[in-house]
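Residue numbers (our numbering), protein chains in the order written: chain C, 5 to 334; chain P, 49 to 91. Glycine included, each C-beta is placed from N, C-alpha and C at the ideal position. See structure below.
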Amino acid sequence: FSSHQLKNFQNAVYFGTITIGTPPQEFQVNFDTGSSDLWVPSVDCQSPSCSKHKRFDPQKSTTFQPLNQKIELVYGSGSMKGVLGSDTIQIGNLVIVNQIFGLSQNQSSGVLEQVPYDGILGLAYPSLAIQGTTPVFDNLKNREVISEPVFAFYLSSRPENISTVMFGGVDHTYHKGKLQWIPVTQARFWQVAMSSMTMNGNVVGCSQGCQAVVDTGTSLLVGPTHLVTDILKLINPNPILNDEQMLSCDAINSLPTLLLTINGIVYPVPPDYYIQRFSERICFISFQGGTEILKNLGTSETWILGDVFLRLYFSVYDRGNNRIGLAPAA
Amino acid sequence: CIVKIPLTKMKTMQEAIREKQLLEDFLDEQPHSLSQHSDPDKK
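This is how it looks when you write it as C-alpha cells:
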C-alpha cells in the first residue's frame with residue numbers, strides 16, 4: 005500500500021464521445037481547456053498505453069489525408085509522439101471537415117495508460133497548438149458551424165452522464181446567480197489574474213497577485229510546490245499513511261474554507277470540495293504542487309484551477325470577448 | 049443552437065473499489081500486527 009497508489013485513485017476525469025473519419029470511428033476524448041490539440045491513438049501505435057485504447061485506422065476512412073508531419077505533445081500526465089493527419093470530425097451534430105489532428109504512434113505509460121479516454125481534444129487558444137494547425141474550436145468558430153464563439157462546462161460530482169460540455173451558447177439552467185466575467189490575461193491558456201488566496205484570514209498563496217489557469221484537463225488544485233506544502237501542513241498537521249495529502253475524514257468539519265479572489269469577486273471553496281472522500285475513514289486533500297515548471301506564463305506564481313474548482317463553479321469560455329464566466333453550479 | 053455533449057466521470061483505476069476495501073482491511077489489521085511485532089517469536 006503505497007501512497008502513490010492512493011493518489012491515482014482520486015484522479016477523476018471527464019470525457020465524452022467524438023467520431024473521426026468516414027465511416028465514423030468513435031473515440032472517447034478528454035475535453036481539455038489546458039491544451040489546444042486533438043489527438044487519438046493510431047492503429048500503428050504499439051505502446052501498451054495504446055493497446056488499451058481505441059485506435060484510429062486511416063485506411064478505413066475514405067476522407068483521411070496524411071500530412072506526414074511528425075509531432076510530439078507533452079502533458080502533465082504523459083506524452084505522445086506521432087504524425088498529423090486530416091479528416092472529418094463530428095462532435096454531437098457539429099461536423100468539421102478537414103480537421104487536422106494527431107495520431108499517436110508512441111505513448112508514455114503511466115496515467116495515459118490508465119485513463120478511460122482514448123485521446124485529448126484541446127480547447128485552449130491556437131497559440132498553444134502545433135504550429136500550422138487550427139484547433140477544433142477555431143474551426144467551429146471560423147467556419148460558423150456554431151452561432152456564438154463560446155463553450156461551457158458543467159462538471160458534476162456524480163458519475164452518471166449529467167456532466168456536460170456545450171458549444172455555441174450557454175444553457176443558464178446549469179448555474180445559479182449571475183455569471184461573473186473575468187478577462188483573459190494572455191490568449192494562450194484560459195488564464196486570468198487572481199489577487200489572493202486565503203484560509204481562515206491567512207494568506208496561503210498569491211500574496212503578490214498571481215495567474216490562475218482554468219483547466220478542465222487537470223483534476224486538482226495545483227500550485228507552486230513550496231506553497232502547497234505549507235497549505236498541507238496548515239490543514240493537515242497529522243497526516244496518515246505517511247502522506248501529507250491523506251487525513252482522517254473526521255477532520256473535515258474543522259477545516260477552513262479556501263477563498264479565491266478573482267476580479268474582485270470571492271470564490272469560496274469549502275473543505276467538502278477540496279477534500280475528497282477516499283473511503284469511510286480516509287480522505288484526500290486535493291492540492292498538488294508543480295506549477296513552478298510553468299515559467300512562461302508571465303508571472304512567478306501560477307495556480308491551476310482544475311476539476312475540484314470547476315465542480316463548484318460552472319464555467320463559460322468566451323472566445324469572442326476573451327473572457328471566462330464563472331457562477332455557482334446549479 | 050447549443051450543442052450539448054454528455055461527459056462521463058470516471059476514476060482512473062477501475063480497481064478503486066477493490067483496493068479501497070484492501071486499504072480498510074490493512075488499517076484494521078495494522079494495530080494488531082504492530083502489537084505482535086513486540087513479540088519476537090511472531091515476527
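Could you pull the start and end residues of the alpha helix (DSSP H) that residue i belongs to?
i: residue 278(C); result: 275 to 278
i: residue 144(C); result: 140 to 146
i: residue 149(C); result: Premise fails: residue 149(C) is in no alpha helix (DSSP H) and is neither H nor E.
i: residue 248(C); result: Taken as a continuous stretch (DSSP letters only), residue 248(C) belongs to no alpha helix (DSSP H), as it is neither H nor E.
i: residue 313(C); result: 311 to 314
i: residue 116(C); result: 115 to 118
Rounded to whole angstroms, what's the CA-CA distance from residue i to residue j? Just pull it up for me.
i: residue 154(C); j: residue 171(C); result: 6 Å
i: residue 319(C); j: residue 98(C); result: 21 Å
i: residue 15(C); j: residue 92(C); result: Since pLDDT at residue 15(C) reaches only 45, below the 50 mark, its modelled position is unreliable, and the value read off the structure follows with that caveat. Approximately 31 Å, taken between the alpha carbons.
i: residue 135(C); j: residue 58(P); result: 32 Å
i: residue 28(C); j: residue 158(C); result: 27 Å
i: residue 38(C); j: residue 306(C); result: 13 Å
i: residue 316(C); j: residue 289(C); result: 16 Å
i: residue 55(P); j: residue 231(C); result: 32 Å
i: residue 85(P); j: residue 252(C); result: Model confidence at residue 85(P) stands at a pLDDT of 38, short of 50, so the residue's coordinates are unreliable and nothing is read from them.
i: residue 44(C); j: residue 138(C); result: 16 Å
i: residue 208(C); j: residue 313(C); result: 17 Å
i: residue 173(C); j: residue 140(C); result: 16 Å
i: residue 10(C); j: residue 287(C); result: Confidence at residue 10(C) is low in this model, with a pLDDT of 27, below 50, so the placement of that residue should be treated as unreliable; the coordinate-derived value is given next. Each residue's alpha carbon lies about 10 Å from the other.
i: residue 20(C); j: residue 156(C); result: 14 Å
i: residue 79(C); j: residue 146(C); result: 27 Å
i: residue 222(C); j: residue 71(C); result: 30 Å
i: residue 274(C); j: residue 62(C); result: 47 Å
i: residue 205(C); j: residue 270(C); result: 13 Å
i: residue 122(C); j: residue 103(C); result: 18 Å
i: residue 129(C); j: residue 272(C); result: 28 Å
i: residue 119(C); j: residue 32(C); result: 10 Å
i: residue 178(C); j: residue 226(C); result: 25 Å
Please list, in chain order, the chain P residues whose beta carbon lies closer than 7 Å to that of residue i.
i: residue 153(C); result: Near residue 153(C) there are no residues of chain P at all, since even the closest Cβ is about 12 Å away, more than 7 Å.
i: residue 169(C); result: 53 and 55
i: residue 172(C); result: 49, 50 and 51
Taking C-beta pairs closer than 8 Å, name the residues in chain B that residue i reaches, listed in chain order.
i: residue 19(C); result: Annotation note: the requested chain B is absent from the structure, which comprises protein chains C and P.
Check the Cβ of residue i against every Cβ in chain P and list those closer than 9 Å, keeping chain order.
i: residue 95(C); result: 51 and 53
i: residue 254(C); result: By Cβ distance, chain P contributes nothing, its closest Cβ being about 14 Å from residue 254(C), past 9 Å.
i: residue 322(C); result: Those do not exist, as residue 322(C) stays about 14 Å from chain P at its closest Cβ, beyond 9 Å.
Ends of the beta strand (DSSP E) at residue i?
i: residue 210(C); result: Element bounds for residue 210(C): n/a, residue is neither H nor E.
i: residue 88(C); result: 82 to 95
i: residue 225(C); result: 225 to 227
i: residue 218(C); result: 214 to 218
i: residue 174(C); result: From DSSP, residue 174(C) is part of no beta strand (DSSP E); its letter is neither H nor E.
i: residue 131(C); result: Run containing residue 131(C): none; DSSP gives neither H nor E here.
i: residue 54(C); result: Element bounds for residue 54(C): not the beta strand (DSSP E) but the alpha helix (DSSP H), 52 to 55.
i: residue 33(C); result: 29 to 36
i: residue 292(C); result: 291 to 293
i: residue 62(C); result: Segment: none, residue 62(C) is in no beta strand (DSSP E) and carries neither H nor E.
i: residue 46(C); result: Taken as a continuous stretch (DSSP letters only), residue 46(C) belongs to no beta strand (DSSP E), as it is neither H nor E.
Is any non-hydrogen atom of the ligand ATP found closer than 6 Å to the C-beta of residue i, if you look at the structure I gave you?
i: residue 55(C); result: You won't find the ligand ATP in this model; it holds no ligand whatsoever.
Name the chain P residues whose beta carbon is nearer than 8 Å to that of residue i?
i: residue 116(C); result: Residues of chain P passing the Cβ test: none, with the nearest at roughly 10 Å.
i: residue 160(C); result: 57
i: residue 98(C); result: 51
i: residue 175(C); result: 50 and 52
So residue i and residue j are supposed to be a Cβ contact under 8 Å. How far apart are they, rounded?
i: residue 310(C); j: residue 229(C); result: Rounded, the Cβ-Cβ distance is 16 Å, inconsistent with contact.
i: residue 100(C); j: residue 143(C); result: 5 Å
i: residue 86(C); j: residue 75(C); result: 6 Å
i: residue 169(C); j: residue 53(P); result: 5 Å
i: residue 18(C); j: residue 167(C); result: 6 Å
i: residue 26(C); j: residue 67(C); result: 4 Å
So, does the segment 242 to 250 of chain C touch the segment 319 to 334 of chain C, judging by three or more C-beta pairs under 8 Å?
Counting Cβ pairs under 8 Å, fewer than three are found: no touch.
Any contact between the segment 103 to 123 of chain C and the segment 178 to 187 of chain C? By contact I mean 3 or more CB pairs, one from each, below 8 Å.
no
When the Cβ atoms of the segment 205 to 216 of chain C are set against those of the segment 269 to 283 of chain C, are three or more pairs found closer than 8 Å?
no
Could you tell me whether the segment 196 to 208 of chain C touches the segment 36 to 51 of chain C, where touching means 3 or more Cβ pairs closer than 8 Å?
no
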